Amino acid sequence: MFANRFTATIDACVLAGVLRRNLILTLAQWEFFRVRWSDEILGETERAIAGLFAKKGDLNAAEKGAKARASMEKAFEDAMVSGYARYLPMCEGVDPGDAHVIAVALKTQAQVIVTDNLKHFPATLLEPLNLEAKSADAFIADTIALDIGRAVAAIHQMRQRLERPAMTASDLLVMMDANGLTTAVNILQPHEASL
65 MFANRFTATI DACVLAGVLR RNLILTLAQW EFFRVRWSDE ILGETERAIA GLFAKKGDLN
125 AAEKGAKARA SMEKAFEDAM VSGYARYLPM CEGVDPGDAH VIAVALKTQA QVIVTDNLKH
185 FPATLLEPLN LEAKSADAFI ADTIALDIGR AVAAIHQMRQ RLERPAMTAS DLLVMMDANG
245 LTTAVNILQP HEASL
């Protein structure tokens, strides 16, 4: 469906948070878009997830970060990108720690980089490369708007999988809003009964 023609490179800052990760990857599983990442992006993601658990005092933080990464790799076996180093020279002017994300996007001919670190991906650099950076909120909202019925069904299925804690549709919308996904919440609000 949509995934045949639209590719998104997902930055580690988006994948680290459980809610954003679940929403984005659920929509990717429903083939709204193709997701792409690299070993470097997933390494950053794994460390960030472990860091979040460590802040909560979890003694198994590193193990949980590794498990989350392994789950992502298993669910999206074709998402891993390698051989993107030759695109790094095209990323001059960007924070050196973020250049690899742009290089991955260029290698896979992605249309968008999904990141909540927009200041590190300036439009002045990305537009000549035929790329765009979008926040997780804007990207999720745009994806839902492609086919609201299918997106609501996908998010409903995701919500049903949540066990710790289980949550109602209203709880999910409140959590999304609290996590800064306000544009997506505004689109989903009229469909709460179906979520």
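The sequence shown lines up with residues 65 to 259 when you count with the working numbering.
Quick reminder that beta carbons are idealized off the backbone N, C-alpha and C, glycines included.
Quick caveat, the model's predicted, so the values are computed rather than measured.
Keeping to the same chain, check which residues put their C-beta closer than 7 angstroms to that of residue i; ignore five residues upstream and five downstream.
i: Asp201; result: Gly244, Leu245, Thr246, Thr247 and Ala248
Counting only the same chain and skipping the five closest in sequence on each side, list residues whose C-beta sits under 6 angstroms from that of residue i.
i: His220; result: Leu259
i: Phe203; result: Val178
If you draw a straight line from the alpha carbon of residue i to that of residue j, how long is it in whole angstroms?
i: Gln175; j: Glu127; result: 33 angstroms
i: Leu123; j: Ala205; result: 36 angstroms
i: Trp101; j: Ser234; result: 32 angstroms
i: Lys131; j: Glu137; result: 10 angstroms
i: Gly213; j: Asp180; result: 26 angstroms
i: Glu256; j: Met231; result: 13 angstroms
i: Arg223; j: Ala217; result: 10 angstroms
i: Ala146; j: Val165; result: Note on identity: in this sequence residue 146 is Ser, with Ala being the wrong assignment. If I take the Cα positions, the gap works out to 12 angstroms.
i: Gln253; j: Val99; result: 26 angstroms
i: Leu152; j: Ala167; result: 5 angstroms
i: Lys120; j: Ala134; result: 22 angstroms
i: Glu95; j: Glu196; result: 20 angstroms
What are the partner residues of residue i, as DSSP defines its beta bridges?
i: Asp71; result: Residue identity check: residue 71 is Thr in the sequence provided, not Asp. According to DSSP, Thr71 bridges with Arg98.
i: Lys198; result: Val178
i: Met144; result: Trp101
Please classify residue i as buried or exposed, where buried requires at least 16 neighbouring CB atoms within 10 angstroms.
i: Leu193; result: exposed
i: Thr188; result: exposed
i: Met65; result: Low confidence applies to Met65: its pLDDT is 48, below 50, so where it sits in the model is not reliable, and the reading given next is rough at best. Exposed, because fewer than 16 other Cβ atoms sit within 10 Å of the Cβ of Met65.
i: Asp162; result: buried
i: Lys46; result: The question about residue 46 has no answer here: the residues shown for the chain are numbered 65 through 259.
i: Val238; result: exposed
i: Ala242; result: exposed
i: Ala139; result: exposed
i: Ala149; result: exposed
Between residue i and residue j, which are expected to be in contact by the criterion C-beta below 8 angstroms, what is the C-beta distance as a whole number of angstroms?
i: Ile177; j: Asp103; result: The pair is not a contact, with the Cβ atoms about 17 angstroms apart (cut-off 8 angstroms).
Against chain C, does residue i count as a neighbour if the rule is that its beta carbon must be under 8 angstroms from one of theirs?
i: Asp122; result: The structure shown contains no chain C, having only a single protein chain.
Enumerate in chain order the residues of its own chain whose CB-to-CB distance from residue i is below 8 angstroms, with the five nearest sequence positions on each side excluded.
i: Ile251; result: Ala205, Ile208, Ala209 and Ile212
i: Glu110; result: Gly129, Ala130, Ala132 and Arg133
i: Thr90; result: Ala218, Ile219, Gln221 and Met222
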